[in-house]
Amino acid sequence: MSLMEGLPAELRCLLLRSVPDLATLQSFVLSSPVMHAQYREDRNSILRSCLSREMHGYGTDAYANAMSRACEPGSPRSNREIASFLDIYKSASPPGIDSISPDGLCWLAAFHTTVALPLARRYARWSLANLWKASYSPKDVGVCVNEEMHGLSKGEEVRIMKAIYRHEAYNHLFGQHEDQRDGSFTNYDIHGVFFCKFEPWESEAIGCIDVFLRQQYSDMFDRINNRTDATTPDQASVQKRENGATSKPIINPGFNGLNPAGFAKMAESLATLHHIDRIIARGLKSSAWLLQIDNHAKLSSAMQDHLEQLGRDVGSKDDPMRLALGTNAQQFRRMVRSADPRDEAEARRDPIAFLGDYDENTVSPGEGAEVEERPPIAWVRLWKGRYSHLYGDYVPLPVRKWGYVMWDERRWADLGALDLVAKQWKKTPELAERINRNYHWSPIEG
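First residue of the sequence shown: 1, per UniProt numbering; consecutive thereafter.
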């Protein structure tokens, strides 16, 4: 480090601008007062270069995330402004990290290191565990997950990060925040103005992140309620005094049908959906923070605080992602909006082929859009090599919990699971029947 400190200022700046990622940049800056001073002097150019390098493959999505924040000057707040913003974001020549303000760069660096990266790691671990449970014996799952978490390819990393950044852009545009929203979108409007901007497998990737978050919150409520239910009245009183938790479960998401207690259970289940919708709509920062709490008392208290805050919030005027990815939204969007070229490709049953996975050695930084358009192998297998503009609730839920559109061909091949996805239609015939009834083709027949 002393050798680097003795370099001329121009070379120190060049060195800092050449580091491969934010973690390396942070280690340089924190290890030396001289390098820290150099960073502060040239922070804008250094941070911009570092972010561009680390976010190779999803810089445009990072831009959309940063610039759609309600606090950003000119942030889209009306229906027309949101639609215009999305048109620019998904144009042939979209802006990228070079177009982000200096303050936006600082926010983006913090978001990436404290929110996006931790969620990406947690998501990969969860979805791969689900996939391996469907492919391996239970005793092998933990070993495989621990070994493979360090082996994500560049393509898998890019797909996950794209989906996370796009999910957060959705929250900024249609979620719950303090700024006044001028107008509102229904779920089928959102499906048209937002999800139809992406290739269907990309929209599915965003939805896979949403499925993950919902499952995490559902499990979280179960843990809180189960521990609270098991607490004696005296213990509950102590808990209430110490951390504000109530002796009554915060939410009981269980619902097993309309038995004598079924209507009450259904009300609780609907309340859970509503609360989860609103928590997710507040953005991924809250999710990243809540999901890392492993102490029950702290988690109960933090969740209670969040629910109380939600009660004070005005609430989002737009429908949640859960509904925008539902079958009704997708079907109704086709009925009320102009025909989408992707709908027409589906109606013609155009063939679609797997063209290979992302290769960082052969794709230059300027060719991100070309990589983005390649369908992953599991998507092609799911739809039997035919174009489909359906995703979300039209796809079997276990498949979505596997994060199937995130993984490279070599991962499926190593698992011996290339045919696993398509087999799920036989386990959920009602979905195949609905597709056949609504769109006159069957994913089982291809």
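Backbone N, C-alpha and C fix where the C-beta goes; we use that ideal spot for every residue, glycine too.
Cβ neighbour criterion (16 or more within 10 Å) applied to residue i
i    : result
Q180 : exposed
K427 : exposed
H275 : buried
V336 : exposed
D305 : exposed
D210 : buried
K401 : buried
Q424 : buried
R214 : buried
R223 : exposed
T114 : exposed
L418 : exposed
L258 : Residue confidence for L258 is low, a pLDDT of 40 falling below 50, so the modelled location carries little weight; the figure read from the coordinates is stated next. L258 is exposed by the Cβ-count criterion.
S287 : buried
H36  : exposed
L25  : buried
N65  : buried
I279 : buried
K248 : Note on K248: pLDDT 45, under 50, position unreliable in the model; the coordinate value appears next. Counting Cβ neighbours within 10 Å, K248 comes out exposed, since fewer than 16 surround it.
D359 : exposed
L30  : exposed
N225 : buried
Extent of the continuous alpha helix (DSSP H) run through residue i
i           : result
Y404        : From DSSP, Y404 is part of no alpha helix (DSSP H); its letter is neither H nor E.
M35         : 33–41
E72         : Element bounds for E72: n/a, residue is neither H nor E.
C196        : Run containing C196: none; DSSP gives neither H nor E here.
P118        : 117–135
N295        : Unbroken run through N295: none, as it is neither H nor E.
F354        : From DSSP, F354 is part of no alpha helix (DSSP H); its letter is neither H nor E.
K427        : 424–427
M321        : 321–324
I88         : 79–89
residue 447 : Outside the shown range of the chain (1 to 446) lies residue 447, about which nothing can therefore be said.
V336        : 327–336
M67         : 59–67
A347        : 341–347
R411        : 409–415
G107        : At residue 107 the sequence reads Trp, which differs from the Gly that was named. Unbroken alpha helix (DSSP H) run through W107: 102–111.
R17         : 9–17
Closest by C-alpha distance to residue i, when choosing among the options
i           : options                : result
L128        : A9, R166, A432, M406   : M406
Y58         : K90, V19, L173         : K90
C13         : S99, F198, L47         : L47
E54         : V193, P200, L7, L105   : L105
H389        : E41, N438, I88, N295   : N438
R334        : F354, Y39, H191, K162  : H191
residue 448 : P443, V158, I97, E81   : For residue 448 there is no data in the structure shown, the boundaries of the chain being 1 and 446.
E168        : F198, A302, N79, A281  : A281
A329        : V29, R77, G155, Y188   : Y188
Y217        : Q176, W289, A9, S153   : W289
L325        : L131, S52, D393        : D393
A70         : G183, D182, H172, D319 : H172
D343        : E157, W441, G283, M303 : W441
E373        : A353, M321, Y170       : A353
W412        : A432, A134, E445, Q26  : A134
R122        : P94, E157, L108        : E157
L382        : A339, L323, E445       : E445
I100        : E308, E72, R410        : E72
D350        : D277, A339, Y387       : Y387
G207        : V395, R410, E5, S18    : V395
S84         : D98, G96, S68          : S68
W107        : W126, I82, R43, P95    : R43
9 Å Cβ cutoff, residue i in contact with chain C
i    : result
D359 : Absence of chain C from the displayed structure is noted, only one protein chain being present.
Residue j beta carbon less than 9 Å from that of residue i
i    : j    : result
V399 : V421 : yes
F212 : F194 : no
E199 : A163 : no
P341 : D357 : no
L291 : M220 : yes
Y136 : D61  : no
G385 : A205 : no
L16  : Y39  : yes
L152 : L415 : no
L3   : L22  : no
F185 : D87  : no
I293 : L284 : no
N79  : G183 : yes
R348 : D277 : no
L32  : E5   : Here the sequence assigns Ser to residue 32, which means Leu is not the residue at that position. Against a cut-off of 9 Å, the Cβ pair of E5 and S32 comes out as a contact.
S49  : S27  : no
I160 : A110 : no
Within the region 149–194, ranges of the alpha helix (DSSP H) (whole runs, at least 4 residues): The DSSP assignment places 154–174, 187–193 as complete runs of the alpha helix (DSSP H) inside the region 149–194, in order along the chain (cut-off: 4 residues).
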